[in-house]
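Read the structure below first, then the notes.
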Amino acid sequence: MAPAVANKRKRELDDHNKRKRRRRQSGNITQPEVINGQHINSEPFTLVNGAENDSGPQGKMLDMVKSETQIEAKDKHKHRSRSGKELAFKGDSYKWRVSEPIGGRMLNIDPILTEDEKHLILAYNTSLQVYSAPDSLLLRKIELVFSRIDGRQDQIVAICPSVTNPGHVWVATYSGSLWLINWETGSGSEPQVKLPCDRLYDMHVDSVQFDHDIRDVVYVSAQKGQAWHIIACDIQNSQLVASQPIFSFTSPIENLRVAHLGYTFVAYADRTVIIGSQTGETKKELKDLSYEAVTFDASDEITCLDVQVTNRVHLNRKSQREASDVPVIDLAIGCARGAVFAYKDLLPEIRLLNTSKARHHVLQPRKYHWHRKAVHAVKWSRDGNYILSGGSESTLVLWQLDTQKKDFLPHLSATIENIVVSKRGSVYALHLDDNSAMVLSTAEMKPITYISGIQALLSPQPISKDDNVKRVGQYTSDRLTSIPAAISPSNSSQILLCVGNGQKLGYSGSGPSMPLIQSLDLTTMQSVSRQALTRTNPTDVNITSRGHPITEPRVTRMKYSHDGRWLVTTDEWQPPSRDTNVLDGSSFDRKETYLKFWSVSAESENLELMTRIDAPHHSGHAESVFDLAADPNSDRFATVGGDGIARLWQPIIRQKDGLIIKGKKGRQLYSWNCAQSISLHGNETMGEPEASNKYFRGSGAVAFSEDGSVLVCAVVHEHGSIVQVIDTESGKIRNSLNGLIKGNIQGMSVLSTSLVVLSDALMVYDLVLDELQYGVQLRKAKGPEEEEAHGPGASIMNHLATDFHTGRFAVAVSRGKKGSTKVRSELAIFSPDRCEPELVQSFQNPITSLVSLSGSSGFLVLDSAAQIWSVADSMDTNSLVFAYPLADLQLDQEPIINGEVAITPALTLEQEDEEASEDDMDIDMTDRVDDDAIYPAVVAPQRLTELFDTAPSFAMPPVEELFYQVTKLFTSKAAVPAP
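Counting from 1, position 145 in the sequence shown corresponds to residue 144 in numbering that gives the first Met the number 0; the numbering is continuous, with no gaps.
Okay, structure coming up:
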């Protein structure tokens, strides 16, 4: 009887599955024709956007693969955790919206401190941003409209405050466009003037007096043809009234500075210092502006300079006869090998060289040398007694000229790129290489303002002044790098990013150095914290005796647990090959790989290391951890590595001698260990011939099902590839799937009953029906000229993220050409039961990270320009809200009623307040000046003296009573006018 019932049940299941297949085939879902990863038809590819084949650089990257057959499965086990069940997704597509980007990179341009030192203006790659210095809040973001030049986006090259109108800022770009922007209101963001030049290198603004009129004159260094010129421009009412070339040279002129009402200008070109001074006395218009310019050579390549001009003070008549009333020009230059040279009172020295007495006379500057590498910034203090310098040592150096002593402000977070001294000289503004800026008080040398943005690595890498000199061990790579990122389920407004010591690329032997983790608040766009996850050498001696840099590890994977209480990271490091040349074996054999389990503090969200696993995957030597996954329902993680083994990790209560060990405040401590190890080798699909080449590297992926009962693992090695479906309770392999992987696997996830596999092709496979839903072929290069710079394949870098709220997944694809730094990306959002994407969005910069939002629908996209984009369902009311400038919130505007501004009192007395005593009522009636005017309470000093000086300290009343008496003085209902 039992066999008959079983056969009947089997026939019912087969009929049920056949009906499902017929319904799918009768629908509008196009399934790819793939058998063991090979196309069996010769039909042309169809682009997802409906366009024809486009092999040009602007063509789409996703091609559909048509088919109606299943994928072959080997060793199919009938013991499945769930019966065949149809996908429970909505039939209608979601309407996705892509937000404007937030964040961005601070440019290597001097910030602007306003005269009152209350505002800080920073130049970003797409905008100007105005911050409030006391509270570090973004007040206004002024977007600028740039044109494209030779296929590239124009960029800001210099900003400078207006001398005659402090509420305005001059902005210049590479193309020669000039803006005069009112930073207080944001007006003037349209291009004002286009200068006739090939390229603009720098700009500075100073006021010049013409008869009785003092107005701004814009000085620019620009290229015209094969020559470089310094040009003075008179711009009035958004029109270029006149321009006057004042100096020409055969090399690019950089770091242009003008001072003392246009009396002098300084700049440099390679090793040549350029200095000019006015010759005419009276000027009626710009054409009367003339300069006498001289040049002299420095002893090293110049990287930065600063000038200070003061009125000359004569101590006797002899000095007045020798130097007349020529202003004193002091010049400081920083050089590529770390030296700082200071020239005092430069003009008389230069004029002496042109006389007959100058046979043995040479310029002899003072030399100050502490920096190991190039000096990135140098500035004079306002009193001229100090020189400030900064570089890649992350230390601000203050050189005291009279005593030759040095003061240091060490252990800053990154390389100092720019230094600005306020007009009063009471604060310094620093711009650091890690996309941060701070304002320091000169009295205490403590930050009063700190602004930090996204600190992820940039691509292409910005030019560094350290590269002016070739050094041993210098590493330069244009390879794109994926940035590990994660969003905590307990705090969806913060994102964790793996970053390095600055936004420039460091090398760890096996890839870019990323030893730190940054916690970024998306609602304020401010960095909350930064913590080291591996060993770091940011301020210690990080150079060997032979000048080679000491490399740091990089974090490769990062995942939160389902409740956000645990964070698991993997990091790896291998020694440079130069250090293992005299040893047996290669540097790869000495690679270090660690799996770390961190406890997340519920109060401060700081990370505490609980367990470190050395070489979690090894086969004679440490293997890389290919992927990391978190169980969505329990404290359990899974890893897959280069040894072809999947491991499950679970916590156990930490004990010693049978006693439970507890941490601070009685908190329970745990240790993590390997609960199961499952071998994934066997039944692989043999790799294609082109996969076996010098570019091939093993890869893997792992993913949990939504209920945690199934673990899907995939590995790719030189012998082939396979996907294994594993029962997490027993650790047994229930199914083996071949043909889903083409090339290296770059992501995998389980969405309901669908398995999504991302490699050089995107495959969606139904685990219950045991059939392929559809496939998307990522466009392959159609010729050697389109082959990417890092080996053959369909793409440089792909990303996969799954949104369980909407039942959708997103794929990001990046492609580039060999010999070209231009890389573009596309983001596509798919449903598991539809092959047509619901959204296809192009990005100008390559996507380096893609994560799904926690607590709401949608995805976050991080690109290589340090910008974050939000892609969310337009109907989702719980979607994440990014930071907005305070000006956009209109908090400082008065309400308007019937076309007039309504005056709102700062304090309103409610009728429900407690009744005052008779004495209080008398005070209120006598001291009230005007019923409509509300003034802050003013407490006379003698009232406080009566409270605190009535008795000795041992006879004073309790502190609580004193507190209430003081607060009563300041919270009195009497409205007393302020004196």
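Glycine included, each C-beta is placed from N, C-alpha and C at the ideal position.
Its Cα nearest to that of Gly-389, the residue Leu-304 stands out among Leu-304, Val-701, Lys-445. Val-272: member of the beta strand (DSSP E) spanning 271-277, first to last residue. A distance of 8 Å or more separates the beta carbons of Ser-135 and Thr-441. For Arg-556, the enclosing beta strand (DSSP E) has its first and last residue at 553-559. Under the three-pair Cβ rule at 8 Å, the region 651-671 does not count as touching the region 738-754.
In the structure shown, the three-state DSSP call for Gly-499 is strand. Distance from Leu-679 to Ala-645 at the Cβ level is roughly 6 Å; contact confirmed, criterion being Cβ atoms closer than 8 Å. Collapsing the DSSP output to three states places Ser-704 in coil. The shortest CA-to-CA distance from Ala-221 to any of His-716, Tyr-262, Asn-536, Ala-268 is the one to Ala-268. Short of 6 Å from the beta carbon of Trp-671, and not among the five residues preceding or following it, lie these beta carbons of its own chain, in chain order: Phe-596, Thr-610, Trp-648, Pro-650.
Nearest Cα to Ala-629 within the set Leu-566, Gly-619, Trp-572: Leu-566. Beyond the five residues adjoining it in sequence on each side, Met-557 comes within less than 6 Å, by CB distance, of Pro-483, Ala-485, Thr-568 in the same chain, given in chain order. For the pair of segments examined, the region 278-295 was found to touch the region 244-257: the number of CB pairs separated by less than 8 Å reaches three. CA-to-CA, the gap between Leu-768 and Thr-752 works out to about 9 Å. For Pro-347, the enclosing alpha helix (DSSP H) stretches over residues 345-352.
By the neighbour-count criterion, in which a residue is buried when 16 or more other Cβ atoms sit within 10 angstroms of its Cβ, Gln-517 is buried. In the DSSP assignment, Asp-726 forms a beta bridge with Val-709. DSSP places Gly-665 in the helix class (H, G or I) of the three-state scheme. The beta carbons of Asn-384 and Gln-399 sit about 7 Å from each other, so the pair counts as a contact at 8 Å.
With contacts defined by Cβ atoms closer than 8 Å, Asp-299 and Arg-336 form a contacting pair.
Membership of Lys-967 in the alpha helix (DSSP H) is indicated by the continuous run 958-969.
With fewer than 16 other Cβ atoms inside 10 Å of its own Cβ, Arg-545 counts as exposed. Between the beta-carbon of Pro-165 and that of Glu-114 there is about 5 Å, and that keeps the pair under the 8 Å contact cut. Each of Trp-227, Ser-676, Ser-393, Arg-139 was checked against the Cα of Ile-252, and the nearest Cα belongs to Trp-227. Restricting attention to Gln-191, Val-168, Thr-172, Pro-190, the CA atom closest to the CA of Ile-180 is found in Val-168. Just so you know, the alpha carbons of Met-513 and Val-498 end up roughly 5 Å apart.
Counting other Cβ atoms within 10 Å of its Cβ, Glu-443 stays below 16 and is therefore classed as exposed.
Put simply, of Pro-347, Ala-700, Phe-340, Ala-331 the residue whose alpha carbon is nearest the alpha carbon of Ser-323 is Pro-347.
Asn-315 and Val-325 have their C-alpha atoms spaced approximately 15 Å apart. When DSSP reads this structure, His-798 sits in a beta bridge with Ala-811. Taking the Cα positions, Thr-970 is about 23 Å away from Met-955. Ser-618 and Gly-643 have their C-alpha atoms some 9 Å from each other. Residue pairing for Asp-520: DSSP places it in a beta bridge opposite Gln-493, Gln-525. By the criterion of at least three beta-carbon pairs nearer than 8 Å, the region 209-216 is not in contact with the region 190-199. Burial is judged here by how many other beta carbons sit within 10 angstroms of a residue's own beta carbon; Asp-626 has at least 16 and is buried. In the structure shown, Asp-296 falls within a strand segment according to DSSP collapsed to helix, strand and coil.
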